[in-house]
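This report concerns only the one structure given below.
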Amino acid sequence: MKALKQTTVEAMIGYAESGELDHLTGEIVRLSQDALAELKALVWLGKDQDTPKHWDALVIEAKFQLDDQTARFVAGTPDLAGVLRHGLEKLESSGRI
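For the sequence shown, the numbering used here assigns the number 237 to the initial residue and increments by one for each residue that follows.
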């Protein structure tokens, strides 16, 4: 991850686990477009849509698909904390972060 900081993702995981949706949404809407694309790609990765080997392609696709519903998509992801954690684990195990 280049634009999205791991500490930001970890904060989002904490907000999602504790049900602090206002804080979670606040974190998401403050992200740059590049960081938001990486977050969307991380959600996809955490949902087992792809392997970390294709991380760069996932980020490019996520950037192409950014719209005014992206924040809602991310915040509304079922088990968001688990999905983000799983995505981070995949990136860590592949040496991407």
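Backbone N, C-alpha and C define an ideal beta-carbon position, used for all residues, glycine too.
Problem set entry | Unbroken stretches of the alpha helix (DSSP H), 4 residues or longer, contained in the segment 268-309 | 269-282, 291-300
For this session: Check whether the Cβ atoms of Leu320 and Leu278 sit closer than 8 angstroms, and answer yes or no.
Result: Working through the sequence shown from its first residue, we reach residue 320 at position 84. Working through the sequence shown from its first residue, we reach residue 278 at position 42. Yes, the Cβ-Cβ distance between Leu320 and Leu278 is below 8 angstroms.
Problem set entry | Boundaries (first-last residue) of the alpha helix (DSSP H) holding Thr313 | Along the sequence shown, read from residue 1 onward, the residue named residue 313 stands at position 77. Unbroken run through Thr313: none, as it is neither H nor E.
For this session: Excluding the 5 residues preceding and the 5 following Ile249 in the sequence, name in chain order all residues of the same chain whose CB lies nearer than 7 angstroms to its CB.
Result: By one-based count along the sequence shown, residue 249 stands at place 13. So the list reads Ala317, Leu320, Arg321, once near-sequence residues are dropped.
Exercise. What is the DSSP secondary structure of Ala239, reduced to helix, strand or coil?
Worked result: For the purposes of this step, residue 239 is identified with residue 3 of the sequence shown, where counting begins at 1. Coil at Ala239, not helix or strand.
Exercise. Is the number of C-beta pairs between the segment 242-256 and the segment 293-305 that are closer than 8 angstroms three or more?
Worked result: no
Problem set entry | Whole-Å CB distance - Leu272 paired with Leu302, under 8 angstroms assumed | Mapped onto the sequence shown, residue 272 falls at position 36. Mapped onto the sequence shown, residue 302 falls at position 66. About 6 angstroms; that satisfies the 8 angstroms criterion.
Exercise. Relative to the C-alpha of Val310, which residue among Met237, Pro288, Asp286, Leu275 is closest?
Worked result: Taking the sequence shown and counting its residues from 1, one reaches residue 310 at position 74. Considering only alpha carbons, the answer is Leu275.
Exercise. Any heavy atom of the ligand GTP within a distance shorter than 7 angstroms of the CB on Leu281?
Worked result: Absence of the ligand GTP is noted for the structure shown, with no ligands found whatsoever.
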